[in-house]
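S.K.: One structure is given below, represented as structure tokens, and several questions about it will come after.
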DNA sequence: CTAAACCTTGACGTCGGTGTCAAGGTCAAG
DNA sequence: CTTGACCTTGACACCGACGTCAAGGTTTAG
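Residue numbers (the working numbering), protein chains in the order written: chain G, 1 to 137; chain P, 138 to 274.
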């Protein structure tokens, strides 16, 4: 299939597909005329890549773990890559905690931070000026 | 206090402080020589701003809610802004769910995605080439 | 006088996944 | 032949919170 078809099939733009290839996330053959030719499995590959992007992984990480995603690869040298995925997972756990902490912080501000006088943030209502004529230079 | 002092007091770079001012997050007077002069409360303001940044808020949102952070402001017209904070909070909740979902996805891939044949991602081991001589142009 | 440590504004660089435009080649239909 | 849909590579634009360098002014210490 050509790039336009793959694009329609996956909902990913042609631009993105070329980017994936450039990043080593996607393979393609070339027709005599220079057009990219994709294997049908490319649809799944793109779906996987999208999945990983949605999972918050960077293209570098995805590139590294891709060789492990295929069933044709041995699993021997994949332990390191699996470790990397594990690492990413741990990072996600950390992110979960971070987000939760942020929410808690906001909850705190929502609960009492804006209604008591413990925050010395008075007189900020006019803060929105870039600089009132800084001084004649 | 001058910008360097405020920087040291808050741990925020001078560049960032000027950026905050430019974004309407921080106020300063000007000395005759053009130097910025900060009120002592600025330390708290910067801390608050940092807090909000760490909470994931954008400078725009922070600018909007800042007038409500001071105890000298009425709370009447703040309901809308509080609603905005609430909105951000809700967004964080959504993010929590998203992250959790991502982690679950990765867990899934870690558990079985890489060891069975349900994922048709074979033969990707050589995906890491930008393009093997695209064709003579 | 001079060095050094401050300060000023302005402007460009960063990162990453994509949109978008430019300038062209290819191919099938009319 | 022409049109138009498709493809190619290349390159700039974007967002956001700054880092960093440039080119200068001010003040203090020696």
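Glycine included, C-beta positions come from ideal geometry on N, C-alpha and C. Keep in mind that this is a model prediction, so the values were computed, not measured.
Which of helix, strand or coil does DSSP assign to residue 2 of chain G?
M.R.: Sequence index remark: in the first chain, residue 2 of chain G carries index 2 (1-based). The answer is coil: DSSP assigns residue 2 of chain G none of H, G, I, E or B.
S.K.: Quick check: the Cα distance between residue 235 of chain P and residue 56 of chain G, rounded to an integer number of angstroms?
M.R.: On the second chain, position 98 is the one that residue 235 of chain P refers to. On the first chain, position 56 is the one that residue 56 of chain G refers to. Each residue's Cα considered, the two are about 10 Å apart.
S.K.: Please compile the residues from chain G whose C-beta is within a distance smaller than 7 Å of the C-beta of residue 152 of chain P.
M.R.: Against the second chain, residue 152 of chain P aligns to sequence position 15. Contacts between residue 152 of chain P and chain G, judged by CB atoms closer than 7 Å, are missing: the closest CB pair is about 15 Å apart.
S.K.: According to DSSP, is residue 21 of chain G part of a helix, a strand, or is it coil?
M.R.: Counting from one through the first chain, the residue named residue 21 of chain G turns up at place 21. In this structure, residue 21 of chain G counts as helix in the three-state DSSP scheme.
S.K.: For residue 229 of chain P, go through chain G and note every residue whose CB falls closer than 9 Å to its CB, in chain order.
M.R.: Within the second chain, residue 229 of chain P is the residue found at index 92, counting from 1. The contacting residues are 99, 100, 102, 103 and 106.
S.K.: Return the Cβ separation of residue 6 of chain G and residue 35 of chain G in integer angstroms, given the expectation that the two are a contact with Cβ distance under 8 Å.
M.R.: As a first step, residue 6 of chain G is located in the first chain; it is residue number 6 there, counting from the start. As a first step, residue 35 of chain G is located in the first chain; it is residue number 35 there, counting from the start. The Cβ separation is near 12 Å, so there is no contact.
S.K.: Under 8 Å between the Cβ atoms of residue 240 of chain P and residue 92 of chain G?
M.R.: What you label residue 240 of chain P is simply residue 103 of the second chain in a count that begins at 1. What you label residue 92 of chain G is simply residue 92 of the first chain in a count that begins at 1. Result yes, Cβ atoms of residue 240 of chain P and residue 92 of chain G sit closer than 8 Å.
S.K.: May I ask you to report which of helix, strand or coil DSSP gives residue 31 of chain G?
M.R.: By 1-based counting over the first chain, the position of residue 31 of chain G is 31. If DSSP states are grouped into helix, strand and coil, residue 31 of chain G belongs with coil.
S.K.: If the criterion is Cβ atoms closer than 8 Å, does the pair residue 9 of chain G and residue 43 of chain G meet it?
M.R.: Within the first chain, the letter at position 9 stands for residue 9 of chain G. Within the first chain, the letter at position 43 stands for residue 43 of chain G. Yes, these two residues count as a Cβ contact at 8 Å.
S.K.: Counting C-beta neighbours from all protein chains within 10 Å, is the total for residue 165 of chain P 16 or more, i.e. buried, or is it exposed?
M.R.: Stepping through the second chain from its first residue, residue 165 of chain P is reached at position 28. Buried, because 16 or more other Cβ atoms sit within 10 Å of the Cβ of residue 165 of chain P.
S.K.: Can you name, in chain order, every residue of its own chain whose Cβ lies under 7 Å from the Cβ of residue 63 of chain G, other than the five neighbours on each side?
M.R.: Translated into the one-based positions of the first chain, residue 63 of chain G becomes position 63. So the list reads 23, 24 and 25, once near-sequence residues are dropped.
S.K.: Please list the residues of the region 36-59 of chain G that have a C-beta atom closer than 8 Å to any C-beta atom in chain P, keeping them in chain order.
M.R.: 41, 44, 45, 48, 51, 54, 55 and 56
S.K.: What does the Cβ neighbour count give for residue 169 of chain P, buried or exposed, with the cut at 16 atoms within 10 Å?
M.R.: The residue labelled residue 169 of chain P in the question sits at position 32 within the second chain. Classification of residue 169 of chain P: exposed, given that the 10 Å Cβ count is below 16.
S.K.: So, using beta-carbon positions, are residue 46 of chain G and residue 88 of chain G closer together than 8 Å?
M.R.: As a first step, residue 46 of chain G is located in the first chain; it is residue number 46 there, counting from the start. As a first step, residue 88 of chain G is located in the first chain; it is residue number 88 there, counting from the start. Cβ atoms of residue 46 of chain G and residue 88 of chain G: not closer than 8 Å.
S.K.: Is residue 89 of chain G close to chain P, meaning its C-beta is less than 8 Å from at least one C-beta of that chain?
M.R.: Taking the first residue of the first chain as 1, we reach residue 89 of chain G at position 89. Against chain P, the CB of residue 89 of chain G has a partner CB under 8 Å away; the residue lies at that interface.
S.K.: Could you have a look at residue 91 of chain G and say whether DSSP puts it in helix, strand or coil?
M.R.: To locate residue 91 of chain G, count along the first chain from 1; it is residue 91. Three-state DSSP puts residue 91 of chain G in a helix.
S.K.: Which first and last residues belong to the alpha helix (DSSP H) in which residue 206 of chain G is found?
M.R.: Look at the range of chain G in this structure, 1 to 137, and you will see that residue 206 of chain G is not part of it.
S.K.: Would you say residue 222 of chain P lies against chain G (beta-carbon separation less than 8 Å)?
M.R.: Counting from one through the second chain, the residue named residue 222 of chain P turns up at place 85. It does; some Cβ of chain G falls within 8 Å.
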